[in-house]
Amino acid sequence: MGNSNRDNDAILRFCRVLAEIPHGHVVTYGDLAEMAGYPRAARLAGQILRKLPRDTRLPWHRVINAQGRISLPEPGARRQRERLEREGIALIRGRVDMKRYRWRP
DNA sequence: CGTATGACAACAA
DNA sequence: ATTGTTGCCATAC
């Protein structure tokens, strides 16, 4: 198959970081990539998140773009917004207050 | 190997 | 604030 060990490593590293994002906080795609050891690979973060199974336990909804907006197209955007609000992160005019909810270790 | 695409981001005007 | 451009990394054809 077309899967190399490096790819699986990447996915594993992204998932490890993803799992560490605290409830009630968010990170950007760029943040996630950087924390996973792939600086400037924001798009890679998106690709990996897109591949996650629908029923994953990982907090995929805590990843948004650098502008505090949801990048996921409908109907996913709706699920993400609901999950965020469920943990106290409300979107004001379609944006998350990054100043307040962005997680920086 | 070139081109297009995508849950992105930084920067210029 | 908004729009357009360029850069980035991987994948699909």
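Count along the first sequence from 1, then add 640; that gives the number in the working numbering.
Beta carbons: idealized from backbone N, C-alpha and C, even for Gly.
Problem set entry | Straight-line gap, Y741 to V666 (C-alpha atoms, nearest Å) | Note on geometry: alpha-carbon atoms of Y741 and V666 lie some 6 Å from one another.
Exercise. L658 to Y678, Cα distance in whole Å?
Worked result: Taking the straight line joining both Cα atoms gives about 14 Å.
Problem set entry | Identity of the residues DSSP links to V703 by a beta bridge | In the DSSP output, where bridge partners are listed per residue, V703 has V667.
Problem set entry | Local conformation of I729 per DSSP, three classes | Coil, per DSSP.
For this session: Determine the contact status of R702 and I661, defining contact as a CB-CB distance below 7 Å.
Result: Yes, these two residues count as a Cβ contact at 7 Å.
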